[in-house]
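Numbering (the numbering used here), first residue to last: 21 to 711. Even glycine gets a Cβ: it sits at the ideal position worked out from N, Cα and C. Read the structure below first, then the notes.
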């Protein structure tokens, strides 16, 4: 594994240093120098290395094929690994163009149920820098795309010498030319990218390839990027060294943003030359798998997850560069997906839900991408118990730099509280059956504008003119009864909110950190407050999650702080601007939103470790592992004294159990200061945005 990372790190370092050191001049397409370099490379490829003395070779390839998923608007959260396969292969090549790859070791880890099956060529490396006609996904994803360094391809592409630089040192110093490639007609199935050529012979040092939209046979494909990196082996032969492929698909179900990613990473080493293997070795499919007994006997060390590259969940720099270069070389329309109108829903709750204010409500929406960054969305629903309609609409423009501008209008509920205490789906069931509604809504009618920007840290600025008012309890549960809704102040107000969020990413000392923060102000108009009482408020809040792995165990903390920085006296504070704590997340062992204050916070610390579970098979979706996660915790709420509630610390203790795949969590907790025993069951928090 150290060798794997070291080789990859060296290769990446070379290209990073080259990128920093080079000075790029203006590009001239199809000039004589560019065409001469390309023709030399095409001629060399046509001779199939016959004059180099290389008759055949054998090598070893070690790689990972990983299936990941991203959820949420803008895909700000890093991809979550669903399944990862680690492979070890024997690679054979024989002149003029015979290739064979035998998988001799394969193991996988399953983190969520899936029946994904990879195309055969996703489980191997690319030999000879692709044939003259490029296929990916056994022709199901990309097919019949002419190679830019082929005789036919020469007439289909434009070429430009973009840069020249040197790599290596001493006698191994090599001069390299970078040739940009774009299709002459970008509405055809073609390659977009760059090739790096050895100046002395025209050998391919590296290829960075993306594809036009027309090349994708699978309409769900969003992007397909490939990096093929070669190195000089034995001082004579340019042979595969490192390869990466990333395939991104986006779903259209209800317009909810879901991205599936297949990531392949390979290192090729241990070359041996001119061994004269039998031609029978090359019979049959190019990529085959050894017997189950051979695969099982391969001597792996550690687990798949332990050996995965550390940056797998992060944006890969090489792939990101390929995608960026493709966008610069061709029109945006040549890479963009077809724009259509589609059904729109952010989650299941947009379609059907139940709460005390509306009862059962049903809804739907439509979204439309107009192209050139312009889009529109409208959503609505109708409550069967309150007999009222609610909804929202927005028109947005997103520029090439990622900055987005929105105009919006809404007549909908807004929930108080800085942290959701329960998933919407579980809350609908609990509210309907038992009268347990963990939402505190008030009605907002608003028009406004917003700006979204940033990378890494994402910023959102919203300004609106609103009419805020309380809502009544209209529904009746099957059993039990509902608590009354909050007495939100009826007011017209101008509201400005600046928020920022950072998805889970690497922090100091081996931690993973995610956080959100908001600063908002409200200026009411025409309020019914007593004469001379100002109801202007300035409120701040922040949440942070920190995780740190210790072997197979994990320390997880969650912090919430919120409070009024400026506002009226206690008796005049609008209820919708207060801080609400209490419930399974911010106050286990205390009633839902039992802490209502003008300032407070909560701290949750738990230790997650593996615990036994009964394994069973899910058929083609994999096997449920023999362990869940046991998570004992300590928790404390710290609040200001407010309206007769004593301030101070309200501690609690408890434990959770997460079923395999973290799909369901069971909790039991006890509030130690005027609290009680509480039991909770909910869907895993990673799925809350969907359910």
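So residue i is in the beta strand (DSSP E); what residue range does that whole segment cover?
i	result
residue 292	278-293
residue 202	194-203
residue 653	647-659
residue 378	First-last for residue 378: undefined, no H or E at that position.
residue 699	697-703
residue 575	573-586
residue 616	615-617
residue 224	224-231
residue 309	307-309
residue 601	599-601
residue 418	409-418
residue 687	684-691
residue 667	Element bounds for residue 667: n/a, residue is neither H nor E.
residue 395	394-403
residue 211	211-218
Tell me whether residue i is buried or exposed, calling it buried when 16 or more other Cβ atoms sit within 10 Å of its Cβ.
i	result
residue 508	buried
residue 349	buried
residue 598	buried
residue 691	buried
residue 296	exposed
residue 374	buried
residue 505	buried
residue 205	exposed
residue 475	exposed
residue 136	exposed
residue 634	exposed
residue 105	buried
residue 200	buried
residue 292	exposed
residue 678	buried
residue 305	exposed
residue 195	exposed
Rounded to the nearest angstrom, what separates residue i and residue j at their Cα positions?
i	j	result
residue 85	residue 707	24 Å
residue 280	residue 74	40 Å
residue 726	residue 521	Residue 726 is absent from the structure shown; the chain starts at 21 and stops at 711.
residue 231	residue 54	21 Å
residue 764	residue 240	As displayed, the chain neither begins before 21 nor continues past 711, which places residue 764 out of reach and without an answer.
residue 308	residue 103	21 Å
residue 534	residue 524	4 Å
residue 492	residue 435	14 Å
residue 681	residue 652	18 Å
residue 264	residue 156	13 Å
residue 51	residue 181	8 Å
residue 703	residue 433	23 Å
residue 112	residue 253	15 Å
residue 698	residue 602	12 Å
residue 695	residue 673	11 Å
residue 612	residue 600	9 Å
residue 80	residue 658	58 Å
residue 366	residue 675	32 Å
residue 129	residue 566	25 Å
residue 311	residue 88	28 Å
residue 237	residue 213	19 Å
residue 299	residue 66	22 Å
residue 114	residue 140	21 Å
What residue range does the alpha helix (DSSP H) around residue i cover?
i	result
residue 64	52-66
residue 313	312-317
Below 7 Å, is the gap between the Cβ of residue i and the nearest heavy atom of the ligand NAP?
i	result
residue 659	As presented, the structure is devoid of all ligands, the ligand NAP included, so that no description of it is given.
So, does the CB of residue i fall closer than 8 Å to a CB anywhere in chain B?
i	result
residue 689	Here there is only one protein chain, and chain B is not present.
May I have a chain-ordered list of the beta strand (DSSP E) segments no shorter than 3 residues that lie completely inside the stretch 420-482? 424-435, 461-473
Please go through the stretch 478-557 and give each complete beta strand (DSSP E) segment of 3 or more residues, from N-terminal end onward. Here the runs fully enclosed are 478-489, 511-526, 531-545.
Where are the beta strand (DSSP E) runs, 3 residues long or more, that stay fully inside the stretch 81-125, in chain order? If we require 3 residues or more, the beta strand (DSSP E) runs fully inside the stretch 81-125 come out as 100-114.
Validate contact between the stretch 447-455 and the stretch 580-588 using beta carbons, cut 8 Å, 3 pairs: no
Could you check whether the stretch 244-263 touches the stretch 147-165, counting it as contact only if at least three pairs of C-beta atoms, one from each stretch, sit closer than 8 Å? yes
Is it true that the stretch 171-178 meets the stretch 286-303, where meeting means three or more beta-carbon pairs spaced less than 8 Å apart? no
Please list the segments of the beta strand (DSSP E) lying wholly inside the stretch 130-189, counting only runs of 3 or more residues, in order along the chain. 153-156, 162-166, 177-187
Between the stretch 655-671 and the stretch 613-623, are three or more C-beta pairs nearer than 8 Å? yes
Identify every run of the beta strand (DSSP E) within the stretch 248-273, keeping only runs that are complete inside it and at least 3 residues long; order them along the chain. 257-270
Please determine if the stretch 412-430 and the stretch 465-481 are in contact, where contact requires at least 3 C-beta pairs separated by less than 8 Å. yes
The stretch 624-631 in contact with the stretch 112-123 per 3-pair CB rule at 8 Å: no
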